[in-house]
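Down below is the structure, laid out as structure tokens.
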Amino acid sequence: MSLFSCGNHQPDASGKPASDLNPQFDKYKEHFIDELWKIYPDWASSQGYHKYDSMLVVPDEASRKKQLDFAQANLDTLKNYQLDALSSNNKTDHYMIENQLKSIIWSINEQRSYEWNPTEYNVSGAFAELLNGNYDSLDVRLRNFYLKMSNIPAYYEAAKKNIKNPTLEHTQLAIEQNLGGVSVFEKDFHDALNKTKFGENEKQAMEATAKNAVVAIKDFADWLKKLDNKTPRSFRLGKELYEKKFEFDIQSGYTVDEIYAKAIKRKAYLHSKMYDLTQKLWHKYLSGTHIPDDSLTAIRMMIDKISLDHVSADSFQSAISKQIPVLIDFIKKKDLIYIDPSKPLVVRKEPDYMAGVAGASISAPGPYDKNGNTYYNVGSLSGWDKDKAESYLREYNRYILQILNIHEAIPGHYTQLVYSNQSPSLIKSLFGNNAMIEGWAVYSERMMLENGYGDNADEMWLMYYKWNLRSTCNTILDYSVHTKDMTKEQAMNLLVNEAFQQKTEAENKWKRVSVTQVQLCCYFTGYTEIYDFREELKKKMGDDFNLKKFHEKFLSYGSAPVKYIRELMLQDLNQTAK
Ligand code: ZN
Ligand code: ZN
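Just so you know, the numbering used here puts 213 at position 213 of the sequence shown, and the rest follows in order with no gaps.
As structure tokens, then:
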């Protein structure tokens with residue numbers, strides 16, 4: 001069979017394509033990932049693939065050429081695999097590989113952030129992982145550390161050659177991050193070395209290389225500080241690049257303009273709903289007080305009042321743990337989605353290296369560590385000063401805490417993860433679509449409340465709307481800052497007055513939007529696409545629509561972009577209807 005025939009695969013008598021390309025495509029994917037790791041060894045290490053731990057790529061012209069050649073060659077190879085001859089799993093993998101490769105080419109040729117974003121140059125994170133990882137003996141990890149370190153001076157020399165008119169925001173952050181990371185080489189490496197039985201000569205050679213690394217890093221930070229940068233690039237990405245980046249990173253079925261319009265509409269809807277609830281609740285909570293004419297002021301007062309209903313600092317962790325079985329029971333009772341009892345969520349106190357973050361997060365094993373546990377890390381507020389703890393507890397009040405659990409754990413991120421592990425695809429673990437992953441978690445919040453979680457209490461809905469405003473306004477903020485010159489003052493007004501955030505939270509968001517692009521859009525975009533798709537299917541299927549089946553089928557495709565899941569589900573539906 002020729003791989004290069006350009007005709008469609010003719011179905012044979014059994015209705016299947018004449019040739020099954022899946023086994024070949026599986027082999028191709030393996031080869032593709034092997035090659036990918038040679039070009040991106042840091043990425044490989046971070047995913048738990050340690051064959052290239054000793055390599056540090058010098059970010060020069062030659063390395064960019066290598067990436068471009070790799071991307072072009074694989075795009076050519078992909079053309080040999082007709083989509084209609086592939087399984088659903090491989091089809092989505094095909095789409096995702098293609099997107100990744102085009103994104104590599106675009107970011108080198110068009111986005112060119114290696115010129116204007118100095119934070120792309122920082123080695124300390126990858127080196128810290130080598131020291132802290134426990135996948136191999138300390139001796140092996142230290143020797144890789146040593147070999148990798150020898151390229152650090154060349155790495156920063158190449159960085160200096162690349163940088164042209166960098167943004168002031170990224171320059172400042174790069175200085176802070178690089179100086180902050182020096183301790184990995186000055187202290188942590190030294191401490192680790194003292195735990196080994198290496199000979200004196202070897203130790204001395206290693207120490208000398210570490211010294212050179214420190215000099216190179218500090219010199220880079222110094223160079224950035226003194227840089228004669230008369231015409232810095234704006235940190236705002238600009239409409240043309242932003243639209244493209246949105247396409248590659250989000251892979252939405254909507255354009256960014258459509259998503260922005262939807263977010264603006266959603267904000268107005270949330271405000272009107274919140275004002276209705278505020279008026280309804282006013283007598284219960286603020287009967288002695290005059291209700292302000294300005295609706296946003298009234299909503300803010302009501303939110304502040306209800307936020308006082310929160311758990312105490314020392315029961316924060318136990319409150320979260322106790323929630324998990326309640327959520328599972330509710331989902332069972334309402335028949336919302338199958339929860340596999342053989343894969344219980346392991347709730348644990350946050351490990352030390354995460355201390356101080358509080359809240360809750362999921363730690364999932366990497367794609368090369370399939371049998372590792374998935375943990376639900378719950379932060380403690382021990383050691384926090386009283387005011388900070390109180391403000392945090394109000395933010396994560398009784399209602400928001402439950403929504404957080406839905407989002408992070410069940411049926412949000414954790415449940416999605418269990419399902420995606422059932423359609424194993426290394427491609428989806430590596431290039432997993434963030435908008436789908438975050439979108440699912442955000443969708444699941446609304447879905448739970450729609451089905452009566454929280455007894456339809458007005459307080460619960462009001463808090464949910466406030467929470468949902470955050471992802472809605474993240475999208476408005478990101479798009480407006482990067483394509484419409486939104487000022488900091490306008491941004492603070494949006495976040496504080498219209499999204500009811502604390503000033504510190506809003507300040508941090510402004511910092512984040514000045515050094516990232518598009519990422520803040522993934523929550524709202526994914527959520528909107530999933531919700532719209534569900535409503536579309538409901539209309540199409542009428543009485544045949546079943547929510548539980550919809551959820552299970554939707555998640556069975558793994559962490560693929562929503563538009564592809566939609567396409568495949570609609571195909572499957574048409575086939576069963578025939
Ligand atoms: Zn309190
Ligand atoms: Zn999330």
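Don't be surprised by glycine CBs; every beta carbon is placed ideally from N, CA and C.
The straight-line gap separating the alpha-carbon atoms of Pro232 and Ala364 is approximately 40 Å. The region 501 to 511 makes no contact with the region 547 to 557; the number of CB pairs closer than 8 Å stays below 3. Pairing Ala174 with Arg112, the inter-Cα distance amounts to about 17 Å. Taken through DSSP and simplified to helix, strand or coil, Ser382 comes out as coil. With a cutoff of 7 Å on beta-carbon distance, Glu115 and Asn162 are scored as near each other.
Annotated as distal: Leu520 and Asn456, with beta-carbon spacing of 7 Å or more.
For Ala360, there is no enclosing alpha helix (DSSP H); the enclosing beta strand (DSSP E) has its first and last residue at Ala360 to Ser363. Boundaries of the beta strand (DSSP E) around Lys349: Val346 to Lys349. Under the criterion of beta carbons closer than 8 Å, Gln251 and Lys563 qualify as touching, at roughly 7 Å. Apart from sequence neighbours up to five positions away, the residues of its chain that approach Phe545 with a beta-carbon distance below 7 Å are Leu537 and Lys538, ordered along the chain. Leu86 is the residue among Asn74, Lys38 and Leu86 whose C-alpha sits nearest the C-alpha of Asn22.
Within the model, the alpha-carbon separation for Pro341 versus Tyr156 is close to 50 Å. Taken in chain order, the region 188 to 227 contains no complete beta strand (DSSP E) segment of 3 residues or longer. Taking Asn493 as reference, the option from Met447, Ile306, Gly199 and Leu296 with the minimal CA-CA separation is Leu296. Residue state for Asn134 is assigned as coil, using DSSP reduced to three classes.
For Cys473, the uninterrupted alpha helix (DSSP H) segment begins and ends at Asp458 to Thr483. Excluding the 5 residues flanking it on each side, Ile259 has same chain C-beta neighbours closer than 6 Å at Thr525, in chain order. For Ala360, the distance from the CB to the nearest heavy atom of ligand 2 is not below 6 Å. Its chain contains Ala158 as the residues whose beta carbon lies nearer than 6 Å to that of Asp60, once the 5 sequence neighbours on both sides are disregarded; these appear in chain order.
Shown here for Leu286: same chain residues with a beta carbon closer than 8 Å to its own, the five before and five after excluded, namely Met301, Met302 and Lys305 in chain order. Glu445 has its Cβ no nearer than 6 Å to any heavy atom of ligand 2. Between the region 229 to 248 and the region 207 to 219 there are fewer than three C-beta pairs closer than 8 Å, too few to call the two in contact. Closest in C-alpha terms to Gly133, from the list Tyr414, Tyr49, Asn433 and Ile291, comes Tyr49. Contact between the region 135 to 143 and the region 261 to 276 is absent: fewer than 3 CB-CB pairs across the two stretches fall below 8 Å. In chain order, the residues positioned with their C-beta nearer than 6 Å to some heavy atom of ligand 2 are His407, His413, Glu438 and Ala441. Between the alpha carbons of Lys65 and Asp93 lies a gap of roughly 25 Å. With respect to His482, Ala441 sits apart: the two C-beta atoms are not nearer than 7 Å. The Cβ-Cβ distance between Glu450 and Tyr399 does not fall below 7 Å. Inclusion of Glu390 in the 6 Å shell around ligand 1 follows from its C-beta lying nearer than that to a non-hydrogen atom of the ligand. Gln67 is the residue among Asn144, Leu83 and Gln67 whose C-alpha sits nearest the C-alpha of Ser107. Rounded to the nearest whole angstrom, the CA to CA distance from Met149 to Tyr52 is 13 Å. Assignment of beta-bridge partners to Asn377 by DSSP yields Arg348 and Ser361.
Of the candidates Thr487, Ser444 and Lys38, Ser444 places its Cα closest to the Cα of Gln402. For Phe185, there is no enclosing alpha helix (DSSP H), as DSSP marks it with neither H nor E. The continuous alpha helix (DSSP H) containing Val513 extends over residues Lys503 to Val515. Burial state of Asn468 is buried, judged by a 10 Å Cβ sphere holding 16 or more other Cβ atoms.
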